[in-house]
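Comments concern the structure below.
Number of protein chains: 2
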Amino acid sequence: MVSKLEKFKQLMAELTDLNRANALAGWDQQVYMPRGGAEDRGHVLAALAGIAHEKFTSEEMGKLLDELVPEAKQMDPESDDACLILRTAHDYAKQTKVPTEKVAEFARATTMAEVAWEKAREENNFKLFQDELQHIVELRQEYAEYFKPYDHIYDPLLDDFEPGLKTKEVQAIFGKLRPQQVELLKKIAAKPVIDDSFLHVAYPEQGQWDFGVDVITRFGFDWNRGRQDKSVHPFTTSFGIGDARITTRFDAERAASALFSTMHEGGHAMYEQGISRTLARTPLATGASMAVHESQSRLWENIVGRSLSFWKFFYPRLQKAFPSQLAGVTLEQYYRGINKVEPSFIRTEADEATYNLHIMLRLELEIALLEGSLQVKDLSEAWNTRMKDYLGIIPPNDTLGVLQDVHWSSGLMGYFPTYALGNLISAQVWEKVQKDIPTVEQQFEVGKFDELLGWLRKNIHQYGAKFEPQVLVKRVTGTGIDPEPYMRYLTKKYTEIYHL
Amino acid sequence: MVSKLEKFKQLMAELTDLNRANALAGWDQQVYMPRGGAEDRGHVLAALAGIAHEKFTSEEMGKLLDELVPEAKQMDPESDDACLILRTAHDYAKQTKVPTEKVAEFARATTMAEVAWEKAREENNFKLFQDELQHIVELRQEYAEYFKPYDHIYDPLLDDFEPGLKTKEVQAIFGKLRPQQVELLKKIAAKPVIDDSFLHVAYPEQGQWDFGVDVITRFGFDWNRGRQDKSVHPFTTSFGIGDARITTRFDAERAASALFSTMHEGGHAMYEQGISRTLARTPLATGASMAVHESQSRLWENIVGRSLSFWKFFYPRLQKAFPSQLAGVTLEQYYRGINKVEPSFIRTEADEATYNLHIMLRLELEIALLEGSLQVKDLSEAWNTRMKDYLGIIPPNDTLGVLQDVHWSSGLMGYFPTYALGNLISAQVWEKVQKDIPTVEQQFEVGKFDELLGWLRKNIHQYGAKFEPQVLVKRVTGTGIDPEPYMRYLTKKYTEIYHL
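Protein chains in written order, with the numbering used here: chain Z, 1 to 500; chain E, 501 to 1000.
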């Protein structure tokens, strides 16, 4: 006799397996698949998504959940089983609203869109991506309709990445944040421009690769349970706690790009690697939300990776790896160079003071597309107009503008705001870390990161997606998502660097 | 209203998608997966195989086939639909005999066995693989039981790779072949040993890779619909007609190894790439059988790739790529060197005159294991004893002996004989090609292979698995599988090389 709970867990394990297979097919599509494989791959992704959706939304699952949810409410609320049942019940309620064939259609559409997006980038021409993006927008609008009534058409999309968060809440947080970031930017703009010319010379790719690998190895990235490859747009994916993969890309003339990208994706992957093995083969074996995930990547990339303490250890090594490129550049100059504030075209390359403005731009465009107040055919122009308004610069071409991110081609609308929220959470976490480990920055100076990683594993990673993101943030930091720690962090850092 | 035929084809398309996902998970496991991913990957492979088996053996499928088979018998027997229905009905009858949970258990067992096999190879110790292999043998014995009554316990396994062929038929073919091969070997052994020392010096890996890529590109391998990676054991896999992948491995001191392996796997992949697009997303989008598949790889690797005509074109290029290694080596010397006959340990490195003896050894061991007359714990010793009997040499360690092939760890028992049968078919096909394209060998001399590839596509590749292997062989060559053309080919070639 298999108990209801066992039966339920078996079903969830099989679903997790299917989703892992889907993730692998997606990874391969972006990393190694030859172009000729796109059509069949689209079918594979659609079939896997369709079968998973069908199994998840089955009557059998509904009945099991109906019986298990009351039991779960009697269990220890922090037990794996209670968390799994209640989280699944929440997802079930959401997913049963969407027909299986729509899920499959969306998977097919995104596969074709990703191919079109890559071609459009190569030819620097948004028009080549336009029809596929139009199709994506329509399918997302249709998706939102299944969740009526809603306060805002964008709410159901946002909820997929940040469960429970509303569009108006994000707008409120961003509303508090924006004037402070703009004021800081103005102060910085009044100061002399920092010289970072040494970052814009040729750095051989292999040297960049090796240095990035050295850094994340010291962070604690486990190579027996992960790997790094190259792709057009860097990303992290996981096929289980024992196999978390990152990708990077190289720009011979921007050495900082690949390095910080590797630290960023490494931060995501270490989160996945740090999840308790007791959650394996469950949907809880992932991050609590996109924003919490991003808080980990941004912590390693920026708060650690762009700190002076970090470079006190690593800069001599970097100079050794690139002696001609960094000849005569002092640690202080290098540190100021990698923290130079300057409006730029590419989100992933943006400094910490301008980054969130890139996000606000995307959020507004996504909302306008979904509301129908902006047409896809006008998107490239709208993008450029907003870039002028927000950052004072206009991209010279679509690849440096509207085509720069993979997200829309992958159908990930509602995802972008989580990047900025992740920045905010990273600073909240960092204030707590500094209290708990007063020597943490001195540790960086000798290349020691295990106490920080241990703290993150203990307080965040091990739980996977057991807790709702707001619950976890409050549990760790004592408050909800709050922009003030991030502003304190930025102000302190740039006051020192720019002598504000 | 969707017709029964359409419904059936939709189901088969989805099943094909699932099998493609499974193939991808298997490819990644052997090519890029970190070791820590093995446990979860085993579950993924098991889940995909289990779901596919369950869907394929469903009552719905059974009913559809019951209704469609009589209709198919009224259709043009060469139509895609008729072939798909009848082939599927044959497979359905087979697969419905095996319970779904047994299929999943077998997938899990092979995943664990592959990890153990790799570890055993690294440590040169068969014992580390023994328990997992024992489990595989037991599961294969159990599998055969589902097909009782059989003439021989090995029949159901053989049939999975070579539909319709019986153990006694293979034994009869091998029985005719063996004395002729042995006699030829004896004649060769009486002649002076060929000097191939120039093949056993260091050839840089990148140069080997580039040369192999150049060769298969000229053969007609389509890089927009395929790729090459590295793995422990070279193999070919396909995720659709638009994505056929090969792997290779390098031995710095055996330049010939990677090159001929690339031609071999390239031959397999070009077969997959040549299948008619009308068969996409059906189980007919693959080779007719393992032996027919092998006939294509061996044709390109040996009949083309080890011919004097081929090297008249490629040898000057090879000399240019490896000037120091091949300084003073004439075309004639090189040609004789790569065709040197010499008993050796590794099947995939064996020359054409000894290769089939490696197969006969494996076939006998597999049969003995399944019959129970040989225990897994005694396998290493039995291997070495037979190597002494057949080839007069004893492997100095297990990695050069019983651990050399991936097949048993992957559960592929019944597969080995198809390699030797493939050799026989390749020579049958080649006799026909020479009749139809009298200038074919002169074409090789100028690096022209498109007429040969076109002939193979037209007569073999395009049909995929539409025809049963014996039907296809007869259609192409006019007879069933026949060892005589292969013996004529070997005798002519070695009479010239060894002046017999």
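The beta carbon of each residue, even a glycine, is placed where N, CA and C say it ideally should be.
- request: Identify, in the order they occur along the chain, each residue of the same chain with its Cβ nearer than 7 angstroms to the Cβ of Leu-184 of chain Z, setting aside the five sequence neighbours on each side.
  value: Reading the first sequence from its first residue, position 184 is the one you call residue 184 of chain Z. For Leu-184 of chain Z, where only same-chain residues beyond five positions count, the Cβ hits under 7 angstroms are Ala-353, Leu-490, Thr-491 and Tyr-494.
- prompt: Counting contacts by CB-CB distance shorter than 8 angstroms, is Pro-534 of chain E in contact with chain Z?
  reply: Along the second sequence, one-based indexing puts residue 534 of chain E at 34. Yes, Pro-534 of chain E lies at the interface with chain Z (some Cβ there is under 8 angstroms from its Cβ).
message: Buried or exposed, going by whether 16 or more other CB atoms sit within 10 Å of the CB of Val-973 of chain E?
response: By 1-based counting over the second sequence, the position of residue 973 of chain E is 473. Looking at its Cβ environment, which holds 16 or more other Cβ atoms inside 10 Å, Val-973 of chain E is buried.
message: I'd like the list of long-range same chain contacts for Gln-462 of chain Z, defined as Cβ closer than 8 angstroms, with 5 residues on each side in sequence excluded.
response: Taking the first residue of the first sequence as position 1, residue 462 of chain Z is located at position 462. For Gln-462 of chain Z, where only same-chain residues beyond five positions count, the Cβ hits under 8 angstroms are Gly-274, Ile-275 and Ser-276.
- prompt: Below 8 angstroms between beta carbons: does that hold for Tyr-703 of chain E and Gln-825 of chain E?
  reply: Within the second sequence, numbered from 1, the residue matching residue 703 of chain E stands at position 203. Within the second sequence, numbered from 1, the residue matching residue 825 of chain E stands at position 325. Result yes, Cβ atoms of Tyr-703 of chain E and Gln-825 of chain E sit closer than 8 angstroms.
field: Secondary structure, alpha helix (DSSP H): runs of 4+ residues fully inside the stretch 927-951 of chain E
entry: 940-945
task: Taking only the alpha-carbon atoms, compute the straight-line gap between Thr-596 of chain E and Phe-556 of chain E and give it to the nearest angstrom.
output: By one-based count along the second sequence, residue 596 of chain E stands at place 96. By one-based count along the second sequence, residue 556 of chain E stands at place 56. Near 8 angstroms, if we compare the C-alpha coordinates of Phe-556 of chain E and Thr-596 of chain E.
query: So what does DSSP say about Asp-898 of chain E, is it helix, strand or coil?
result: Reading the second sequence from its first residue, position 398 is the one you call residue 898 of chain E. DSSP places Asp-898 of chain E in coil when its eight states are reduced to three.
- prompt: At a CB-CB cut-off below 7 angstroms, which residues of chain Z make contact with Leu-524 of chain E?
  reply: The residue labelled residue 524 of chain E in the question sits at position 24 within the second sequence. Under the 7 angstroms cutoff, chain Z gives Leu-24, Ala-25 and Asp-28.
message: Distance cutoff 8 angstroms, beta carbons only. Does Gly-274 of chain Z sit that close to anything in chain E?
response: As a working mapping, residue 274 of chain Z is identified with position 274 in the first sequence. Not an interface residue.
field: Close Cβ partners of Leu-86 of chain Z (< 6 angstroms) along its chain, the five nearest in sequence each way excluded
entry: Translated into positions along the first sequence, residue 86 of chain Z becomes position 86. Correct list, in chain order: Ala-72.
- prompt: To the nearest whole angstrom, what separates the beta carbons of Phe-750 of chain E and Gly-805 of chain E, a pair I think is in contact under 8 angstroms?
  reply: Numbered from its first residue, the second sequence carries residue 750 of chain E at position 250. Numbered from its first residue, the second sequence carries residue 805 of chain E at position 305. Incorrect: roughly 17 angstroms between the Cβ atoms, too far for contact.
field: Three-state class that DSSP yields for Ser-451 of chain E in the structure shown
entry: In the structure as shown, chain E starts at 501 and stops at 1000, and residue 451 of chain E therefore has no counterpart that could be examined.
- prompt: Just checking my contact of Asn-224 of chain Z with Pro-534 of chain E at CB under 8 angstroms: how many whole Å lie between their CB atoms?
  reply: Looking up residue 224 of chain Z in the first sequence gives position 224. Looking up residue 534 of chain E in the second sequence gives position 34. With 8 angstroms as the limit, Asn-224 of chain Z and Pro-534 of chain E qualify as a contact, their Cβ atoms being about 6 angstroms apart.
- prompt: Which residues in the same chain have their Cβ closer than 8 angstroms to the Cβ of Val-940 of chain E, if we skip the five residues on either side of it in sequence?
  reply: Position 440 of the second sequence holds residue 940 of chain E. So the qualifying residues of the chain are Val-933, Gln-934, Glu-951 and Leu-952.
query: Taking all protein chains shown into account, do 16 or more other C-beta atoms lie within 10 angstroms of the C-beta of Val-2 of chain Z, making it buried, or fewer, making it exposed?
result: Position 2 of the first sequence, counting from 1, holds the residue named residue 2 of chain Z. That one is exposed.
- prompt: Whole-angstrom Cβ separation of Gly-37 of chain Z and Gly-742 of chain E, contact assumed at under 8 angstroms?
  reply: Counted from its first residue, the first sequence places residue 37 of chain Z at position 37. Counted from its first residue, the second sequence places residue 742 of chain E at position 242. Right, the Cβ-Cβ distance comes to about 5 angstroms (below 8 angstroms), so this counts as a contact.
task: At 8 angstroms on the CB atoms, spell out the chain Z contacts of Trp-723 of chain E, in chain order.
output: Locating residue 723 of chain E in the second sequence gives position 223, counting from the first residue. Within chain Z, the residues near Trp-723 of chain E are Pro-34.
query: So, is the C-beta of Glu-14 of chain Z closer than 8 angstroms to a C-beta in chain E?
result: Numbered from its first residue, the first sequence carries residue 14 of chain Z at position 14. Yes, Glu-14 of chain Z lies at the interface with chain E (some Cβ there is under 8 angstroms from its Cβ).
field: chain Z contacts from the stretch 758-774 of chain E (Cβ-Cβ distance under 8 angstroms)
entry: none
- prompt: Are the beta-carbon atoms of Ile-425 of chain Z and Ala-269 of chain Z separated by less than 8 angstroms?
  reply: What you label residue 425 of chain Z is simply residue 425 of the first sequence in a count that begins at 1. What you label residue 269 of chain Z is simply residue 269 of the first sequence in a count that begins at 1. Result no, Cβ atoms of Ile-425 of chain Z and Ala-269 of chain Z do not sit closer than 8 angstroms.
Beta-carbon proximity of Arg-745 of chain E to Arg-727 of chain E, cut-off 8 angstroms: Here the question's residue 745 of chain E lines up with position 245 in the second sequence. Here the question's residue 727 of chain E lines up with position 227 in the second sequence. Going by C-beta atoms, Arg-745 of chain E is nearer than 8 angstroms to Arg-727 of chain E.
query: Are the Cβ atoms of Ser-738 of chain E and Ala-523 of chain E separated by less than 8 angstroms?
result: On the second sequence, residue 738 of chain E is found 238 positions in, with the first residue counted as 1. On the second sequence, residue 523 of chain E is found 23 positions in, with the first residue counted as 1. In contact: Ser-738 of chain E and Ala-523 of chain E (Cβ atoms closer than 8 angstroms).
- prompt: According to DSSP, which residues form a beta bridge with Gln-728 of chain E?
  reply: Translated into positions along the second sequence, residue 728 of chain E becomes position 228. Paired residues: E:Ile-746.
- prompt: How far does the beta strand (DSSP E) with Thr-88 of chain Z in it reach, from first residue to last?
  reply: Numbered from 1 along the first sequence, position 88 holds the residue referred to as residue 88 of chain Z. Careful: Thr-88 of chain Z lies outside any beta strand (DSSP E), inside the alpha helix (DSSP H) at 80-95.
field: Contact belief for Arg-608 of chain E with Met-860 of chain E at Cβ below 8 angstroms, rounded distance in angstroms
entry: Looking up residue 608 of chain E in the second sequence gives position 108. Looking up residue 860 of chain E in the second sequence gives position 360. Wrong, their Cβ atoms sit about 32 angstroms apart, outside the cutoff.
query: Buried or exposed: Ser-873 of chain E, going by 16 or more other Cβ atoms within 10 Å of its Cβ?
result: Here residue 873 of chain E corresponds to residue number 373 of the second sequence, with the count starting at 1. That one is exposed.
query: Can you give the Cα-Cα distance for Asp-76 of chain Z and Leu-139 of chain Z, rounded to whole angstroms?
result: Taking the first residue of the first sequence as position 1, residue 76 of chain Z is located at position 76. Taking the first residue of the first sequence as position 1, residue 139 of chain Z is located at position 139. Approximately 40 angstroms between the Cα atoms of the pair.
- request: At 9 angstroms on the CB atoms, spell out the chain E contacts of Glu-366 of chain Z, in chain order.
  value: Against the first sequence, residue 366 of chain Z aligns to sequence position 366. Within chain E, no residue comes near Glu-366 of chain Z; the closest Cβ sits about 31 angstroms away, beyond 9 angstroms.
- prompt: Does any C-beta atom of chain E lie closer than 8 angstroms to the C-beta of Glu-145 of chain Z?
  reply: By one-based count along the first sequence, residue 145 of chain Z stands at place 145. It does not; no Cβ of chain E falls within 8 angstroms.
query: Using the beta-carbon of each residue, which ones in chain E are nearer than 8 angstroms to Ile-54 of chain Z?
result: Translated into the one-based positions of the first sequence, residue 54 of chain Z becomes position 54. Reading the sequence as shown, one finds Glu at residue 54 of chain Z and not Ile. Chain E residues near Glu-54 of chain Z: none, gap ~11 angstroms exceeds 8 angstroms.
- prompt: Would you say the stretch 1-15 of chain Z touches the stretch 706-723 of chain E, given that touching needs at least three Cβ pairs under 8 angstroms?
  reply: no
task: Starting from the C-beta of Phe-949 of chain E, find all residues in its chain whose C-beta is less than 8 angstroms away, skip the five residues before and the five after it, and write them out in chain order.
output: Residue mapping note: residue 949 of chain E aligns to position 449 of the second sequence, counting from 1. For Phe-949 of chain E, where only same-chain residues beyond five positions count, the Cβ hits under 8 angstroms are Arg-718, Phe-719, Gly-720, Val-804 and Gln-943.
message: Excluding the 5 residues flanking Ser-807 of chain E on each side, which residues of the same chain have their C-beta closer than 6 angstroms to its C-beta?
response: Along the second sequence, one-based indexing puts residue 807 of chain E at 307. So the list is empty, once near-sequence residues are dropped.
Residue closest to Ala-427 of chain Z, alpha-carbon to alpha-carbon, out of Z:Asp-405, Z:Glu-445, Z:Asp-389 and Z:Thr-477: Counting from one through the first sequence, the residue named residue 427 of chain Z turns up at place 427. Considering only alpha carbons, the answer is Z:Thr-477.
message: With H, G and I counted as helix, E and B as strand and the rest as coil, what does DSSP make of Ser-373 of chain Z?
response: Reading the first sequence from its first residue, position 373 is the one you call residue 373 of chain Z. In the structure shown, Ser-373 of chain Z sits in coil (DSSP, three-state: anything other than H, G, I, E or B).
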